[in-house]
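Student: I have a structure I would like to understand better, so I am pasting it below and will then ask my questions one at a time.
In my numbering, the protein residues as written are 6 to 239.
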């Protein structure tokens with residue numbers, strides 16, 4: 006099961022999905038409620054909806070398969086950890102899990118978002134968001150500060166940190182040395198300290214990589230191959 010990140014969509018993990026499928030694995034990437042659609046749809050959802058979608062997807066897969074591996078990028082990594090705390094996953098693969106964010110102001114968003122759910126910014130799209138479907142999604146999700154929804158991400162982050170001690174599945178965590186969204190060293194330290202019941206924990210760092218390494222052209226292949234190796238050989 007592949008879980009995309011905050012304001013993302015399943016196709017972002019297509020290279021990972023292809024690599025795992027070629028290795029003979031069945032792959033499923035649920036679309037989180039409110040994602041990949043429109044801003045009004047997104048604003049009508051929250052942390053509970055995103056968790057519920059992942060839990061339902063996991064249970065459906067587990068009913069059909071003896072072993073289910075859970076892969077998550079960024080916020081998807083938080084959701085993967087919550088699945089691992091609740092269910093007996095075969096393994097968890099965390100790609101830049103958003104356990105510690107560099108923007109410390111996100112801690113205020115659960116409260117600020119009540120009074121100011123959206124702050125107009127007019128941000129220009131990044132090079133990655135400058136064309137095609139990503140440009141359309143930029144206008145809906147990343148052009149302005151969606152404060153209330155960032156607050157939902159923050160609530161998930163706190164819950165995932167509390168859940169670390171309940172995870173038992175083997176864990177692979179991949180971080181990027183150039184991540185400007187996640188504080189990779191501190192996030193890795195949280196995993197090392199919190200995953201007290203995990204006997205097989207591997208933490209690696211991809212060089213010359215950004216937060217978007219699972220789907221950036223220069224790094225997506227290395228990420229996909231590393232995941233395939235982990236899931237198929239441990």
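Beta carbons are placed, not taken as given, at the ideal position from N, Cα and C, and that holds for glycine. The structure presented is a predicted model; accordingly, all values stated were derived computationally and were not measured.
Would you mind listing the beta strand (DSSP E) stretches within the region 113-192 that are 3+ residues and don't spill past its ends, in chain order?
Tutor: With a minimum length of 3 residues, the continuous beta strand (DSSP E) runs that stay inside the region 113-192 are 176-181.
Student: Within the 8 Å Cβ cut-off, does residue 219 reach chain B?
Tutor: You won't find chain B in this structure, because it holds only one protein chain.
Student: Quick check on the burial criterion: 16 or more other C-beta atoms within 10 angstroms. Buried or exposed for residue 219?
Tutor: Residue 219 comes out buried.
Student: Quick one, which of 37, 51, 41, 31 has its alpha-carbon nearest residue 66's?
Tutor: Nearest of 37, 51, 41, 31 to residue 66, Cα basis: 31.
Student: Quick check on the DSSP output: the alpha helix (DSSP H) that includes residue 89 runs from which residue to which?
Tutor: Its alpha helix (DSSP H) spans residues 80-91.
Student: Do you know offhand how far residue 46's Cα is from residue 37's?
Tutor: When rounded, the distance between both Cα atoms is 11 Å.
Student: Compute the beta-carbon to beta-carbon distance between residue 74 and residue 98, rounded to the nearest angstrom, for a pair I have assumed lies under 8 Å.
Tutor: Confirmed, about 7 Å.
Student: Please work out which residues of its chain come closer than 7 Å, Cβ to Cβ, to residue 56, disregarding the five sequence neighbours upstream and downstream, and give them in chain order.
Tutor: For residue 56, where only same-chain residues beyond five positions count, the Cβ hits under 7 Å are 84, 87.
Student: Using the DSSP secondary-structure output, state which residues sit across from residue 206 in a beta bridge.
Tutor: DSSP output for residue 206 lists 176 as bridge partner(s).
Student: What first and last residue would you give for the beta strand (DSSP E) that runs through residue 241?
Tutor: The structure shown does not extend to residue 241, since the chain is modelled only from 6 through 239, so no value can be given for it.
Student: Quick one: is residue 224 buried, meaning 16 or more other Cβ sit within 10 Å of its Cβ, or exposed?
Tutor: When all chains shown are included, residue 224 counts as buried.
Student: Could you have a look at residue 21 and say whether DSSP puts it in helix, strand or coil?
Tutor: Helix.
Student: Using the Cα positions of residue 103 and residue 184, report the straight-line distance between them to the nearest angstrom.
Tutor: Taking the straight line from one Cα to the other gives about 11 Å.
Student: What is the DSSP secondary structure of residue 74, counted as helix, strand or coil?
Tutor: Strand at residue 74.
Student: Helix, strand or coil for residue 104? Go by DSSP, reduced to three states.
Tutor: In the structure shown, residue 104 sits in coil (DSSP, three-state: anything other than H, G, I, E or B).
Student: If the criterion is Cβ atoms closer than 8 Å, does the pair residue 155 and residue 127 meet it?
Tutor: No, they are not a contact pair.
Student: Would you say residue 33 and residue 64 are within 8 Å of each other, going by their C-beta atoms?
Tutor: Result no, Cβ atoms of residue 33 and residue 64 do not sit closer than 8 Å.
Student: With a threshold of 8 Å, are at least 3 pairs of Cβ atoms found where one atom belongs to the region 166-175 and the other to the region 198-207?
Tutor: At 8 Å Cβ cutoff, the stretches touch.
Student: Between the beta-carbon of residue 41 and the beta-carbon of residue 113, is there less than 8 Å?
Tutor: No, these two residues do not count as a Cβ contact at 8 Å.
Student: Is the separation between the beta-carbon of residue 170 and that of residue 180 shorter than 8 Å?
Tutor: No, Cβ-Cβ distance for residue 170 and residue 180 is not below 8 Å.
Student: Is the distance from the Cβ of residue 24 to the Cβ of residue 233 below 8 Å?
Tutor: Contact flag set, yes.
Student: May I ask you to report which of helix, strand or coil DSSP gives residue 7?
Tutor: It is a strand residue.
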